[in-house]
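Count the sequence shown with this note's numbering and you get residues 57 to 436, in order.
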Amino acid sequence: MAAMVPTIEWTEKAVRILDQTQLPHTVVYRECTDYRMVARAIRELAIRGAPAIGVAAAMGAALGARAIQSRDRADFLKQFHIICDEIRTARPTAVNLFWALDRVERAAKSSTASSTGALKEELVALGKLMLDEDIVLNKQLGRVGAALIPDHASILTHCNTGSLATGGYGTALGVIRAAVESGKRVHVYVDETRPVLQGARLTAWELLQDQIPCTLITDSMAGSLMRRGKIDICIVGADRIAANGDTANKIGTYSVAVLAKAHRLPFYVAAPMSTIDFNLASGESIPIEERDPEEVTSMPTASGRVVTAPKGVPVYNPAFDVTPAALIRAIITERGAVPPGQLRKLKAMARAVVRERRSSSPDLKARAERPVRSTRRPIT
Ligand code: MRU
């Protein structure tokens, strides 16, 4: 595998974000020196993908914390809360944004740091840890999912769920990477993913870098390929999974799931536990972001946007859709792969792991190498 370009880095002076709006034409970074710049990078899709958004939010919050002048702890926490709340408004659907900010706020409140200076350092360390953790968890998730990929599989994927969408390695694309690393031969069909072209611009870019065989198709070609027997399995990521397994992901995912059902193909969702929102009973209550009509009426090119629709045409641009649990064969997480109806089992397992970790505190790298335990027999 090629060395992956880092999506996000903490550089002491700034949070350095690879500007994905410029890919695949230019590799350029945004140096975010304050939390508002990070929130803006999230809003403008310079950094996108649920896990990457979570890491960016945590690092943005750490930047914000560092700039707080007050040495009074209660006042510091009040200002930190305001900063976190502002970052929370960046995008509504990916639950990792809220998960990450809740985590850093909890850490700040429960910290026993002797001064606000020490607390700031703890928050910076937590932001960096969350980046490292994300990569470790993605590799675990990849190993779980790779077991479900047959040798010589022809795989359809939608949007970008790779290194760019996470701290590194990827979720659904991480499963594909892990399958290839384990010696399986695969071919990936990449949906271009209108309107923002995450598939064409980002997934195709990552797969070419890794020399994983792939073919780019427009979203409307998927059904025809399935009908002709060209696809064996579908695997996508998630922005938010409700407790019953209903899954919000990039617009067009639902269509792929319906097509997979019609052609009796397995449809898998790969996501870390942090993408599961156990507070929501079903996908009905997942907030769906609506974005600028310009994304639909124009296309990005190396030299700017090209308008493709008549001026003034009414546009509907929901960025995500919800795939009902009934269309999903299994949800693949770092804790195991289960049918959507059994997500709560993984939650109970995660609690047990946290208890175990607290008592033994193994370092992250050791955890990455550890075999993944499974509570149930594998799903095929
Ligand atoms: O609008 P985006 O590009 O942030 O949407 C991203 C997706 O829908 C991804 O599939 C999802 O976040 C999973 S990323 C591992």
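C-beta: ideal position from N, C-alpha, C; glycine also.
Is the number of C-beta pairs between the region 272–285 and the region 220–239 that are closer than 8 Å three or more?
With a cut-off of 8 Å, the region 220–239 and the region 272–285 do not count as touching, because too few Cβ pairs lie within range.
For Met60, does the three-state DSSP call read helix, strand or coil?
What you label residue 60 is simply residue 4 of the sequence shown in a count that begins at 1. Here Met60 carries a coil assignment [DSSP, helix/strand/coil].
Spatial neighbours of Phe334 within its chain, please: C-beta separation below 7 Å, excluding the five flanking residues on both sides.
Locating residue 334 in the sequence shown gives position 278, where the first residue counts as 1. Same-chain partners within the cutoff: Ala299, Lys403.
Just mark Gln267 as buried or exposed, buried being the case when its beta carbon has 16 or more other beta carbons within 10 Å.
The residue given as residue 267 occupies position 211 in the sequence shown. By the neighbour-count criterion, in which 16 or more other beta carbons inside 10 Å mark a residue as buried, Gln267 falls on the exposed side.
Name the one or two DSSP bridge partners that Tyr85 has.
Within the sequence shown, numbered from 1, the residue matching residue 85 stands at position 29. Answer is Leu74.
In the DSSP output, what is Trp66 paired with across the bridge?
If you number the sequence shown from 1, residue 66 lands on position 10. Note: Trp66 sits in a beta bridge opposite Val71.
Would you tell me roughly how many angstroms separate the C-alpha atoms of Gly230 and Gly198, rounded to the nearest one?
Against the sequence shown, residue 230 aligns to sequence position 174. Against the sequence shown, residue 198 aligns to sequence position 142. Distance between the alpha carbons of Gly230 and Gly198 is about 5 Å.
Does any heavy atom of the ligand MRU sit closer than 7 Å to the C-beta of Val292?
Within the sequence shown, residue 292 is the residue found at index 236, counting from 1. At least one heavy atom of the ligand MRU is nearer than 7 Å to the Cβ of Val292, so yes.
Count the C-beta pairs between the region 255–263 and the region 65–81 that are closer than 8 Å, then say yes if the count reaches three, no if not.
Output reads yes: the region 65–81 touches the region 255–263.
Sequence-distant residues of the same chain with beta carbon closer than 6 Å to Ala337, five excluded per side:
Numbered from its first residue, the sequence shown carries residue 337 at position 281. Closer than 6 Å at Cβ, skipping near neighbours: Ala299.
Taking 7 Å as the limit between beta carbons, can you name the residues of its chain near Lys42, skipping five residues before and five after?
The question about residue 42 has no answer, for the chain in this structure spans 57 to 436.
Euclidean distance between Cα positions of Glu53 and Arg144
Examination of residue 53 is not possible in this model, given that the chain is present from 57 through 436 alone.
Inter-stretch contact (C-beta, 8 Å, three-pair minimum) for the region 221–229 and the region 321–335:
Yes, the region 221–229 touches the region 321–335.
Within 8 Å of any Cβ in chain B, is that where the Cβ of Ala108 sits?
The chain labelled as chain B is not found in the depicted structure, where only one protein chain is given.
Ordered along the chain, which non-local residues of its own chain (more than five positions away) have a Cβ less than 6 Å from that of Leu193?
Sequence index remark: in the sequence shown, residue 193 carries index 137 (1-based). The beta carbon of Leu193 sits closer than 6 Å to those of Pro328, Glu390, all from its chain and outside the five residues before and after it, given in chain order.
C-beta contact flag for Thr309 and Thr379 at 8 Å
Residue 309 sits at position 253 when you count from the first residue of the sequence shown. Residue 379 sits at position 323 when you count from the first residue of the sequence shown. The Cβ atoms of Thr309 and Thr379 lie closer than 8 Å to each other.
Report buried or exposed for Val160, applying the criterion of at least 16 other Cβ atoms within 10 angstroms of its Cβ.
Walking along the sequence shown from the start, residue 160 turns up at place 104. Buried: at least 16 other Cβ atoms inside 10 Å.
CB of Asn373 to nearest heavy atom of the ligand MRU: below 7 Å?
By one-based count along the sequence shown, residue 373 stands at place 317. For the ligand MRU, not one heavy atom lies less than 7 Å from the Cβ of Asn373.
Please classify Lys306 as buried or exposed, where buried requires at least 16 other C-beta atoms within 10 Å of its C-beta.
Start at 1 with the first residue of the sequence shown, and residue 306 comes out as number 250. Lys306 should be labelled buried.
Three-state class that DSSP yields for Asp377 in the structure shown:
Along the sequence shown, one-based indexing puts residue 377 at 321. Residue state, collapsed to three classes: strand.
Whole angstroms is fine: what's the gap from Val242's alpha carbon to Ile291's?
For the purposes of this step, residue 242 is taken as the residue at position 186 of the sequence shown. For the purposes of this step, residue 291 is taken as the residue at position 235 of the sequence shown. Their backbone Cα atoms lie some 13 Å apart in a straight line.
When you compare the CB positions of Gly301 and Ile191, do they come within less than 8 Å of one another, or not?
The count along the sequence shown starts at 1 and reaches residue 301 at position 245. The count along the sequence shown starts at 1 and reaches residue 191 at position 135. At least 8 Å separates the beta-carbon of Gly301 from that of Ile191.
Unbroken alpha helix (DSSP H) run spanning Ala513, endpoints:
Since the first and last residues shown for the chain are 57 and 436, residue 513 lies out of range.
Local Cβ density within 10 Å of Ala174, reported as buried at 16 or more and exposed below that:
Taking the first residue of the sequence shown as 1, we reach residue 174 at position 118. An exposed status is given to Ala174, since fewer than 16 other beta-carbon atoms sit within 10 Å of its beta-carbon.
Which of the three DSSP states is assigned to Gly339 in this structure?
The count along the sequence shown starts at 1 and reaches residue 339 at position 283. In the structure shown, Gly339 adopts helical secondary structure according to DSSP, grouped into three states.
Of all the beta strand (DSSP E) runs that stay within the bounds of the region 225–282, which reach a length of 3 or more residues?
If we require 3 residues or more, the beta strand (DSSP E) runs fully inside the region 225–282 come out as 242–247, 270–273.
Beta-carbon within less than 6 Å of Ser167's beta-carbon, same chain only, minus the 5 sequence neighbours each way: which residues are those?
Mapped onto the sequence shown, residue 167 falls at position 111. Closer than 6 Å at Cβ, skipping near neighbours: Leu175, Glu178.
Can you list, in chain order, the residues of its chain with a C-beta nearer than 7 Å to that of Thr364? Leave out the 5 residues immediately preceding and following it.
On the sequence shown, position 308 is the one that residue 364 refers to. Thr353, Ser354, Met355, listed in sequence order.
Boundaries of the alpha helix (DSSP H) in which Arg361 is found, first to last residue:
By 1-based counting over the sequence shown, the position of residue 361 is 305. Run containing Arg361: none in the alpha helix (DSSP H); it sits in the beta strand (DSSP E), 360–363.
Here's the rule: buried if 16 or more other CB atoms are within 10 angstroms of the residue's CB, otherwise exposed. What is Asp207?
The count along the sequence shown starts at 1 and reaches residue 207 at position 151. Its Cβ having fewer than 16 others within 10 Å, Asp207 is exposed.
Span separating the alpha-carbon of Ile342 from that of Val314
What you label residue 342 is simply residue 286 of the sequence shown in a count that begins at 1. What you label residue 314 is simply residue 258 of the sequence shown in a count that begins at 1. Distance between the alpha carbons of Ile342 and Val314: 20 Å.
Would you kindly report the start and end of the unbroken beta strand (DSSP E) that includes Val372?
To locate residue 372, count along the sequence shown from 1; it is residue 316. Looking at the sequence provided, one finds Tyr at residue 372 rather than Val. Annotation: Tyr372 is outside any beta strand (DSSP E) and is labelled neither H nor E by DSSP.
As a quick exercise: from Ala169, Gly224, Thr217, Glu65, pick the residue whose alpha carbon is nearest that of Glu248.
For the purposes of this step, residue 248 is identified with residue 192 of the sequence shown, where counting begins at 1. Out of Ala169, Gly224, Thr217, Glu65, the CA that lies nearest to the CA of Glu248 is found in Thr217.
In the DSSP assignment, find the alpha helix (DSSP H) that holds Thr357 and state where it starts and stops.
For the purposes of this step, residue 357 is identified with residue 301 of the sequence shown, where counting begins at 1. Careful: Thr357 lies outside any alpha helix (DSSP H), inside the beta strand (DSSP E) at 354–357.
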